[in-house]
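Visitor: Numbering (numbering that gives the first Met the number 0), first residue to last: 0 to 221.
Here a beta-carbon is modelled for each residue, glycine too, at the ideal position from N, C-alpha and C.
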Amino acid sequence: MPFIQSTQLSVTFLYFFFFFFFIHTNPKTRAERRMDVVKDVKNMVKDESPRRGRSRADFAVRVLGFVVTLVGAVLVGIDKETTTVSVRLVETLPPLHVSVTAKWHYMSAFVYLMVSNAIACSYAAASLAYSSINKNKINAFALIILDLIITSMMFSAVGAAIGVGLIGRSGNSHVKWNKVCYVFGSFCHQMTAAIVMSLLGCFAFLGLVLLSLLKLYKTSSA
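Structure follows, in structure tokens:
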């Protein structure tokens, strides 16, 4: 009797074992599981695609900001022109030929532009390096604040340089300031190019702020 009971228990156990094994190894069930996995992967790809697109856009704009501010800083830093002007002290005497030099550090506005471009360029390089090393540990809010500070600094520097440049180009008759760009044409042209590059840097960093705000908005609304 004990042998028969144990045999019946064994047969029952084997029956339930093969029953559950058949259910779990059913081809239809495995196919459904594979479909579920595929759907999950597709959903993950859909969720990650906008993030990768925003990351690539952020990287591209940050590289653009680095390049244009670097070019702007170099253009300001090497801007120098020496020319000869005629100075007549007395109407009856021949004019004197005097050699004069224009340098970027003679005007505080241009010094401010140079320093701002250097800071913005260094910050862009540092942020690119940091985002490349710590892709998953970037503080978006901190980046927005830093990008906004750089943007404000660059716009103020460009505004100051444009103001001084307009005086040098057109003068100011009300305060008897003579225009000087007709004398230092090369200097003024190169400084104009530096201001244009700096202005492009302003818009690049402003674009970074907008991209970061959009990223935060998408994250909060998700």
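#1: If you draw a straight line from the alpha carbon of Tyr129 to that of Val99, how long is it in whole angstroms?
#2: Give me, in chain order, the residues of the same chain whose beta-carbon lies closer than 6 Å to that of Leu147; leave out the 5 immediate sequence neighbours on both sides.
#3: Using the beta-carbon count (16 or more within 10 Å), is Asn116 buried or exposed?
#4: Can you check which of these residues, Ala56, Leu198 and Ala123, is closest to Phe65 by C-alpha distance?
#5: Express the C-alpha separation of Leu205 and Ser219 in angstroms, rounding to a whole number.
#6: When you compare only the Cα positions, how much space is there between Ser81 and Leu63?
#7: Rounded to whole angstroms, what's the CA-CA distance from Arg61 to Ser211? Just pull it up for me.
#8: Starting from Thr191, trace the alpha helix (DSSP H) in both directions and tell me its first and last residue.
#9: Does Ala141 pass the burial test, meaning 16 or more other C-beta atoms within 10 Å, or should it be called exposed?
#10: Can you name the start and end residues of the alpha helix (DSSP H) that Val114 belongs to?
#11: Apply the 10 Å Cβ neighbour rule to Leu92 and answer buried if 16 or more other Cβ atoms are within range, or exposed otherwise.
#12: Near Arg168, which residues of its chain fall below 7 Å by C-beta distance, leaving aside the five closest residues on each side in sequence?
#13: Relative to the C-alpha of Leu165, which residue among Gly200, Ala108 and Ile132 is closest?
#14: Is Val75 buried or exposed, if buried means 16 or more other CB atoms sit within 10 Å of its CB?
#15: Determine which residues share a DSSP beta bridge with Val86 and list them.
#16: Taking a contact to mean a Cβ-Cβ separation below 9 Å, would you say Ala160 touches Ala193 in this structure?
#17: Have a look at Ser151, Ala139, Val174 and Trp176 and flag the residue whose alpha-carbon is nearest the alpha-carbon of Tyr216.
Guide: Working from what's here:
#1: Residue 129 sits at position 130 when you count from the first residue of the sequence shown. Residue 99 sits at position 100 when you count from the first residue of the sequence shown. Going from the Cα of Tyr129 to the Cα of Val99 covers about 46 Å.
#2: Taking the sequence shown and counting its residues from 1, one reaches residue 147 at position 148. The answer, listed in chain order, is Val208.
#3: Indexing the sequence shown from 1 puts residue 116 at position 117. The residue in question, Asn116, is buried, as its Cβ has 16 or more Cβ neighbours within 10 Å.
#4: As a working mapping, residue 65 is identified with position 66 in the sequence shown. Just measuring C-alpha positions, the residue of Ala56, Leu198 and Ala123 sitting nearest Phe65 is Ala123.
#5: Position 220 of the sequence shown, counted from the first residue, corresponds to residue 219. Position 206 of the sequence shown, counted from the first residue, corresponds to residue 205. Their Cα atoms are separated by approximately 21 Å.
#6: As a first step, residue 81 must be located in the sequence shown, where it is residue number 82. As a first step, residue 63 must be located in the sequence shown, where it is residue number 64. First, the residue type needs correcting, since residue 81 is Thr and not Ser in the sequence shown. One C-alpha to the other measures close to 33 Å.
#7: Mapped onto the sequence shown, residue 61 falls at position 62. Mapped onto the sequence shown, residue 211 falls at position 212. Approximately 12 Å, taken between the alpha carbons.
#8: As a working mapping, residue 191 is identified with position 192 in the sequence shown. Taken as a continuous stretch (DSSP letters only), the alpha helix (DSSP H) holding Thr191 covers Gly184 to Ser220.
#9: For the purposes of this step, residue 141 is taken as residue 142 along the sequence shown, with counting starting at 1. Flag for Ala141 reads exposed.
#10: In the sequence shown, the residue the question calls residue 114 occupies position 115. Segment Ser107 to Ile132, the alpha helix (DSSP H) holding Val114.
#11: For the purposes of this step, residue 92 is taken as the residue at position 93 of the sequence shown. Exposed is the call here.
#12: Here residue 168 refers to the residue found at position 169 of the sequence shown. Same-chain partners within the cutoff: Lys178, Cys180 and Cys187.
#13: Taking the first residue of the sequence shown as 1, we reach residue 165 at position 166. Among Gly200, Ala108 and Ile132, the Cα nearest to that of Leu165 belongs to Ala108.
#14: The residue labelled residue 75 in the question sits at position 76 within the sequence shown. Buried, since its Cβ has 16 or more Cβ neighbours within 10 Å.
#15: For the purposes of this step, residue 86 is taken as the residue at position 87 of the sequence shown. For Val86, DSSP records a beta bridge to Leu95.
#16: On the sequence shown, residue 160 is found 161 positions in, with the first residue counted as 1. On the sequence shown, residue 193 is found 194 positions in, with the first residue counted as 1. Contact flag set, yes.
#17: Walking along the sequence shown from the start, residue 216 turns up at place 217. Residue Ala139 holds the alpha-carbon nearest to the alpha-carbon of Tyr216 among Ser151, Ala139, Val174 and Trp176.
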